[in-house]
Amino acid sequence: MDNLKPVDVAIVGGGWTGLMMAKEITTRTGLTVAVLERGIPRKTSDYALDMDELDYAVRLRMMQNIAEETITHRHSLRDPAVPVRQYGSFLPGSGVGGAGEHWNGAAWRFLPSLFRLRTYLTEKQGATRLPENLAVQDWGVTYDELEPHYWRAEQMMGVSGKAGNLNGKIIDGGNPYEGPRRNEYPLPPLKKSHLSVLFEEGARKLGYHPHPAPAANLSETYKNPDGISRPGCAYCGYCERFGCMIGAKSQPSNTLLPVLQRRKNFELRTGCWVRRIVHKDGKAAGVQYIDAQGREMFQPASIVVLATFTLNNVRLLYLSKIGTPYDAAAGKGTLGKNLTHQVEGNTRVFFDKPLNAFMGTGGLAMRVSDFDGDHGLNGSEGLLRMGMIGVLSNGSRPIATFDAVPRGSAKANWGSEWKAAALKWRDRNATIALSGEHLSYRQNFMDLDPTYTDKFGDPLLRFTLDWTDHEHRQSEFAKEIAQKIAPAMGAVRAEPLGGRARYNVINYQSTHIQGGTVMGASPESSVVNRYQQHWDMQNLWVLGASCMPQNASHNPTLTILATTTWAADALIDRYLKHPGSVA
Amino acid sequence: MKRREFLTLPRQALGGLLLYTLTGEPFRISAQQDGTVRVPLRFFTEAEARVISAACERIFPSDASGPGATEAAVVIYIDRQLAGPYGRDKYRYIKGPFVESYPEHGYQGKETPREIYRQGIRELGDGFASLPVEAQNQTLAAIEKGHFFQMLRMHTIEGMFADPMHGGNAGLIGWQLIGYPGPVMTYRAEIDKHYGVPYRPKPASLEQITGRKPVAWEDEKA
Chain C
99 MDNLKPVDVA IVGGGWTGLM MAKEITTRTG LTVAVLERGI PRKTSDYALD
149 MDELDYAVRL RMMQNIAEET ITHRHSLRDP AVPVRQYGSF LPGSGVGGAG
199 EHWNGAAWRF LPSLFRLRTY LTEKQGATRL PENLAVQDWG VTYDELEPHY
249 WRAEQMMGVS GKAGNLNGKI IDGGNPYEGP RRNEYPLPPL KKSHLSVLFE
299 EGARKLGYHP HPAPAANLSE TYKNPDGISR PGCAYCGYCE RFGCMIGAKS
349 QPSNTLLPVL QRRKNFELRT GCWVRRIVHK DGKAAGVQYI DAQGREMFQP
399 ASIVVLATFT LNNVRLLYLS KIGTPYDAAA GKGTLGKNLT HQVEGNTRVF
449 FDKPLNAFMG TGGLAMRVSD FDGDHGLNGS EGLLRMGMIG VLSNGSRPIA
499 TFDAVPRGSA KANWGSEWKA AALKWRDRNA TIALSGEHLS YRQNFMDLDP
549 TYTDKFGDPL LRFTLDWTDH EHRQSEFAKE IAQKIAPAMG AVRAEPLGGR
599 ARYNVINYQS THIQGGTVMG ASPESSVVNR YQQHWDMQNL WVLGASCMPQ
649 NASHNPTLTI LATTTWAADA LIDRYLKHPG SVA
Chain Y
15 MKRREFLTLP RQALGGLLLY TLTGEPFRIS AQQDGTVRVP LRFFTEAEAR
65 VISAACERIF PSDASGPGAT EAAVVIYIDR QLAGPYGRDK YRYIKGPFVE
115 SYPEHGYQGK ETPREIYRQG IRELGDGFAS LPVEAQNQTL AAIEKGHFFQ
165 MLRMHTIEGM FADPMHGGNA GLIGWQLIGY PGPVMTYRAE IDKHYGVPYR
215 PKPASLEQIT GRKPVAWEDE KA
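This is the structure we're talking about:
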């Protein structure tokens, strides 16, 4: 193994959080930073020829190669786990920028109540009325503390949107249920698709408060505080699973990387697969990795920042034997606990007029938040929390969208009858979708699989995860609301999709996987403290959605950026001056 | 070395320009070139290609609602996919042990797409392509719940609507059929117009739009 020249900070993972932390450190200090990314380099000009649905959206060219590493899944402790052999219910990205390159661009803040959910639910419901297996926790950080960090992230990306709560004042046309914002969005909302307008008008007729989703797809040309200029969105419809060829969708490669490339104390190494965080006497000593030529390397570092996707953050801590593994049966330990995904509830709606739905952009959504958090719930639904309901106009591409036909329109899903129906309805259908909070439970967690291994022979991460009655109820409630909205928006048919099925790893849901290294107020209940510093190893920091004790209804990207600069402030302003616990 | 296999197709069967009558019936004007094209096959034998081509035509037939899998050359698309990394399962987790599991865990088998097709073609039988249409439909209906058929059906849709760089969607016939304009670079001036009325720009491929030749994943050197 080759020992490299020590650096001050080694960052594992070159996505949103790793590069954001690198930018903060290299801008505000003279420390040397090395980012180790196992995928390939990426830049905007790479994306000029990527508008190919087959290679990118079907064969998933930008994702981690699942042949090299995957996860295993079981529904409960009683079941055997099997590998996820092909993607999949979520799509982890690879390469510089990670999933932040191929995301849609939804740039939401979380609700204030989510950050103190255990306290909130206990106050509201009474401790005895909460299910015994409910594992939700307070984050240790509050919305008010994160508000300035949300604003930093929104300015860095150039989020397009409309405030609904500006310093407590409710503003028409925005989301009246959001946490108070100190500033209007950096850019006005995106243009509206036909589907957006239909949903907006329909929802308003029913007395709901439709609002555009905040989007990291620029509505206009924008120059951010770092001096990075990017053009407004072209609505080409190639966001999700693609990189943006003009740089209008905010990605690490077009916002953070151009700044970092000017820093002399920054180094990005691609093709470097970190296998272990090396530590001695309770202190991280650096990282061990296999480089692009297959050589084993040791990179000594004074500080290690773990900034990969949720899955590998958790797996690397397990493989490196850092922290106390969670024991689900005993309810003890912390590493791997509180695994969450996102709750869905879809209704397909059909129209008698075309939508021209091939036009759109990843963040172009119209939503109602009237049932977000626990707004609009009267207790009879049997729900602790719900989510947002709405429509997305992110560009319908022909392979993925050909197959939507009303039930009963053909005997088989092939042949002349089916083909005629599919042609008729192809551009006349849409989905009213729930993006629901996923509460954490004691029985949903991650650990190492005893059987299956990655390309180097290291154990895979194992999911133990299934839906509970609460998630099914969320889904059903959303479908009831959709049945009201559909006729109001002019749909001729509305068909609820899915039923009370178990968790499946086949159908794409969202790439929102949270938990495993949760943040919190005490080492008994969390892996990292409220600044995302590891409780057991003070020169090890863990970033990203793995630190979330439960999932919001909202997409996680903006929040992982906000918690990263929150952590960066603690690391730079306090830890560097007095190395030790900042909690 | 394996003998080079070709699939010989009448030129007029492929692609073409799709027009609609006043009553909305589609009709296809084929290229004004007579004769045949000999397409070199990468994976199938000619006999196998004829079986798959016939099966795809039943899944997505050329009929009153417009052209189908034969005009789009879907079989050429499938042949290239199977010959490439996808067909060899280069992007699937293929470490054992292989065990049966719940449907929620998807396909857990060891067989690659290539092996699944070879087995599926054997089951359809050499004579499948020359069976009457009704008999072909019955044969396929008997296997429609199986993994091979589900894969073939998905690949047929892909071959109809993927960019022509992948071998199918010949003459952009699939995109003409559904009114998909292709990977157009900007709709900034159009997105908030045409509400409720069809907006159908003339389709163009990625190569035509960018003026550069994209390399399909299956064509890249390993």
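Note that the protein sequences, when read in sequence, are chains C and Y.
Taken in order, the first sequence gives residues 99 to 681; the numbers are from the numbering used here.
Taken in order, the second sequence gives residues 15 to 236; the numbers are from the numbering used here.
Just so you know, even glycine gets a beta-carbon here, dropped at the ideal spot from N, CA and C.
Exercise for the section: Would you please verify whether the beta carbon of Gly513/C is less than 8 Å from any beta carbon of chain Y? Expected result: Sequence index remark: in the first sequence, residue 513/C carries index 415 (1-based). For Gly513/C, the answer is yes, since a Cβ of chain Y falls inside 8 Å of its Cβ.
Handout entry: At least 3 beta-carbon pairs within less than 8 Å: the segment 219-234 of chain C vs the segment 284-302 of chain C
Key = no
Practice task
Using three-state DSSP, classify Asp545/C as helix, strand or coil.
Solution key: Along the first sequence, read from residue 1 onward, the residue named residue 545/C stands at position 447. Reduced to three states, the DSSP call for Asp545/C is strand.
Problem - Exposure label - Gln222/Y; buried when at least 16 CB within 10 Å - result: Counting from 1 along the second sequence, the entry for residue 222/Y is found at position 208. Exposed.
Practice task
Count the C-beta pairs between the segment 271-285 of chain C and the segment 554-573 of chain C that are closer than 8 Å, then say yes if the count reaches three, no if not.
Solution key: no
Exercise for the section: Taking the CB atoms as reference points, tell me whether Gly380/C and Val625/C lie closer together than 8 Å. Expected result: Within the first sequence, the letter at position 282 stands for residue 380/C. Within the first sequence, the letter at position 527 stands for residue 625/C. Taking 8 Å as the Cβ cut-off, Gly380/C and Val625/C do not qualify as a contacting pair.
Exercise for the section: Assign His610/C to one of two classes, buried (16 or more other C-beta atoms within 10 Å of its C-beta) or exposed (fewer than that). Expected result: Counted from its first residue, the first sequence places residue 610/C at position 512. Looking at its Cβ environment, which holds 16 or more other Cβ atoms inside 10 Å, His610/C is buried.
Exercise for the section: Using a Cβ-Cβ cut-off of less than 8 Å, list which residues of the segment 182-200 of chain Y approach chain C; keep chain order. Expected result: Gly188, Trp189, Leu191, Ile192, Gly193, Tyr194, Pro195, Pro197, Val198, Met199 and Thr200
Problem - Interface residues of chain Y facing Met457/C [CB-CB closer than 7 Å] - result: Here residue 457/C corresponds to residue number 359 of the first sequence, with the count starting at 1. Tyr201, Glu204 and Ile205, listed in chain order.
Practice task
Spell out a yes or no on whether the segment 409-429 of chain C and the segment 630-647 of chain C are touching, meaning 3 or more CB-CB pairs, one atom from each, closer than 8 Å.
Solution key: yes
Exercise for the section: Count the CB pairs spanning the segment 226-234 of chain Y and the segment 143-152 of chain C that are closer than 8 Å, and state whether there are at least three. Expected result: yes
Handout entry: Bridge partner(s) assigned by DSSP for Met464/C
Key = Along the first sequence, read from residue 1 onward, the residue named residue 464/C stands at position 366. For Met464/C, which the question treats as bridged, DSSP gives the partners Pro310/C and Val489/C.
Problem - Limits of the alpha helix (DSSP H) - the one that Ser514/C falls within - result: To locate residue 514/C, count along the first sequence from 1; it is residue 416. Start and end: Ser514 to Trp523.
Problem - Whole-angstrom distance between Cys337/C and Arg140/C, CA atom to CA atom - result: Taking the first sequence and counting its residues from 1, one reaches residue 140/C at position 42. Taking the first sequence and counting its residues from 1, one reaches residue 337/C at position 239. Those two C-alpha atoms are separated by around 16 Å.
Problem - Whole-angstrom distance between Arg128/Y and Gly110/Y, CA atom to CA atom - result: Counting from 1 along the second sequence, the entry for residue 110/Y is found at position 96. Counting from 1 along the second sequence, the entry for residue 128/Y is found at position 114. Approximately 19 Å, taken between the alpha carbons.
Practice task
Evaluate the contact criterion for the segment 593-602 of chain C versus the segment 113-120 of chain Y: three or more CB pairs, one atom per stretch, below 8 Å.
Solution key: yes
Exercise for the section: Please decide whether Gln246/Y counts as near chain C, where near means a Cβ-Cβ distance under 8 Å. Expected result: In this structure chain Y extends from 15 to 236, so residue 246/Y is not present and cannot be described.
Exercise for the section: Examine chain Y for any beta-carbon lying closer than 8 Å to the beta-carbon of Ser291/C, and answer yes or no. Expected result: Numbered from its first residue, the first sequence carries residue 291/C at position 193. Chain Y, which has a Cβ nearer than 8 Å to the Cβ of Ser291/C, makes this yes.
Exercise for the section: Buried or exposed for Gln133/Y, please, with buried defined as at least 16 other CB atoms from any protein chain shown within 10 angstroms of its CB. Expected result: Numbered from 1 along the second sequence, position 119 holds the residue referred to as residue 133/Y. Gln133/Y comes out exposed.
Practice task
Under 7 Å between beta-carbons, which chain Y residues line up against Ala660/C? List them in chain order, please.
Solution key: Along the first sequence, read from residue 1 onward, the residue named residue 660/C stands at position 562. The contacting residues do not exist; Ala660/C stays about 30 Å from chain Y at best.
Practice task
Pick out whichever of Tyr201/Y, Ser67/Y and Arg52/Y has its Cα sitting closest to the Cα of Arg25/Y.
Solution key: As a first step, residue 25/Y is located in the second sequence; it is residue number 11 there, counting from the start. It is Arg52/Y whose Cα lies nearest to the Cα of Arg25/Y.
Problem - Range covered by the alpha helix (DSSP H) that runs through His570/C - result: Taking the first sequence and counting its residues from 1, the one referred to as residue 570/C is at position 472. Run containing His570/C: Asp567 to Ala586, per the alpha helix (DSSP H) assignment.
Practice task
Could you please tell me which residues of the segment 60-83 of chain Y, in chain order, have their CB closer than 9 Å to any CB of chain C?
Solution key: Arg72, Ile73, Phe74, Pro75, Asp77, Ala78, Ser79, Gly80 and Gly82
Practice task
Return helix, strand or coil for Ala204/C, following the three-state DSSP convention.
Solution key: By one-based count along the first sequence, residue 204/C stands at place 106. Looking at Ala204/C - three-state DSSP - the assignment turns out to be strand.
Practice task
Determine the DSSP secondary structure at Pro356/C, reduced to helix, strand or coil.
Solution key: In the first sequence, residue 356/C corresponds to position 258, counting from 1. Looking at Pro356/C - three-state DSSP - the assignment turns out to be helix.
Handout entry: Residue-chain proximity (Phe500/C, chain Y), Cβ-Cβ < 8 Å
Key = Stepping through the first sequence from its first residue, residue 500/C is reached at position 402. Yes, Phe500/C counts as interfacial toward chain Y.
Exercise for the section: Could you please give the first and the last residue of the uninterrupted alpha helix (DSSP H) stretch that includes Ile171/Y? Expected result: In the second sequence, the residue the question calls residue 171/Y occupies position 157. Counting along the chain, the alpha helix (DSSP H) containing Ile171/Y begins and ends at His161 to Phe175.
Exercise for the section: Report the residue ranges of all beta strand (DSSP E) runs contained in full by the segment 423-449 of chain C; include only those spanning at least 3 residues, in chain order. Expected result: 445-448
Practice task
Tell me, please, which residues DSSP counts as bridged to Asn263/C.
Solution key: Residue 263/C sits at position 165 when you count from the first residue of the first sequence. DSSP output for Asn263/C lists Ile268/C as bridge partner(s).
Problem - For Asp552/C and Val107/C, the rounded distance between their alpha carbons - result: In the first sequence, residue 107/C corresponds to position 9, counting from 1. In the first sequence, residue 552/C corresponds to position 454, counting from 1. When rounded, the distance between both Cα atoms is 27 Å.
Exercise for the section: Say whether chain C places a C-beta atom closer than 8 Å to the C-beta of Ile171/Y. Expected result: As a first step, residue 171/Y is located in the second sequence; it is residue number 157 there, counting from the start. Yes, its Cβ sits closer than 8 Å to a Cβ of chain C.
Exercise for the section: Could you work out which residues of chain Y lie near Ala52/C, taking near to mean beta carbons separated by less than 9 Å? Expected result: Missing from the structure shown is residue 52/C; chain C here goes from 99 to 681 and no further.
Practice task
Go to Arg64/Y, then tell me how far its alpha helix (DSSP H) extends in each direction, as first and last residue.
Solution key: Residue 64/Y sits at position 50 when you count from the first residue of the second sequence. Run containing Arg64/Y: Glu60 to Ile73, per the alpha helix (DSSP H) assignment.
Problem - Rounded distance between the beta-carbons of Gly613/C and Asn61/C, thought under 8 Å - result: Here chain C covers residues 99 to 681 and nothing more, so residue 61/C does not appear.
Exercise for the section: Name the two residues that bound the continuous alpha helix (DSSP H) containing Val89/Y. Expected result: Locating residue 89/Y in the second sequence gives position 75, counting from the first residue. That run of the alpha helix (DSSP H) goes Val88 to Ala97.
Exercise for the section: Return the bridge partner residues of Arg591/C from the DSSP annotation. Expected result: As a working note, residue 591/C is residue 493 in the first sequence. Answer by DSSP bridge pairing, in chain order: Phe448/C.
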